[in-house]
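Under the working numbering, the letters of the sequence shown match residues 153 to 257, in that order.
A short worksheet on the structure shown next.
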Amino acid sequence: MEPLIINLNSIAINICQLLALFVISIGLIKGLIIFLRNALSFSSSAKTFQESRLQMGYSFSLGLNFLIGGSILRTTITPNWEDIGRLAAIIVIRTILNYLLLRTI
153 MEPLIINLNS
163 IAINICQLLA
173 LFVISIGLIK
183 GLIIFLRNAL
193 SFSSSAKTFQ
203 ESRLQMGYSF
213 SLGLNFLIGG
223 SILRTTITPN
233 WEDIGRLAAI
243 IVIRTILNYL
253 LLRTI
């Protein structure tokens, strides 16, 4: 039973990381498309820039949440104090980044 749980945990971690990569990549592409569409039509404005920033900001925020979830799952199997400390540092840094990102949005 234990090897099954370890394998499922590993799969869940990889899924979280892939979802983060996918969400952030799609957000970057959408933000770039919004910006380029308006830049090529010579109607660049602060609104266009803000719209592309919002699109990318929301995707970065969601991607960070997926990465936090993957980090938490990584320490669920046989954690030691070093792993717990590393997880705490990662969560604090990513949460601060997420907070600052949402605040600027």
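Positions of the beta carbon are idealized from the N, C-alpha and C atoms, including for glycine.
Cut-off 7 Å between Cβ atoms - residues of its own chain near Leu-225, not counting five sequence neighbours on either side
The residue labelled residue 225 in the question sits at position 73 within the sequence shown. Counting only Cβ-Cβ distances below 7 Å, and skipping sequence neighbours, we find Asn-161, Ala-164, Ile-165 and Cys-168.
Ile-176 versus Leu-156: straight-line alpha-carbon distance, rounded
Position 24 of the sequence shown holds residue 176. Position 4 of the sequence shown holds residue 156. If you draw a straight line from the Cα of Ile-176 to the Cα of Leu-156, it is about 30 Å long.
Quick one, are the C-beta atoms of Gly-215 and Leu-171 less than 9 Å apart?
Walking along the sequence shown from the start, residue 215 turns up at place 63. Walking along the sequence shown from the start, residue 171 turns up at place 19. Yes, the pair counts as a contact, with Cβ atoms nearer than the cut-off.
Distance CB(Ser-223)-CB(Ile-242) smaller than 9 Å
Here residue 223 corresponds to residue number 71 of the sequence shown, with the count starting at 1. Here residue 242 corresponds to residue number 90 of the sequence shown, with the count starting at 1. Taking 9 Å as the Cβ cut-off, Ser-223 and Ile-242 qualify as a contacting pair.
Note down the Cα distance separating Ala-272 from Ser-213, rounded to an integer number of angstroms.
Any property of residue 272 remains undetermined from this structure, which presents the chain solely from 153 to 257.
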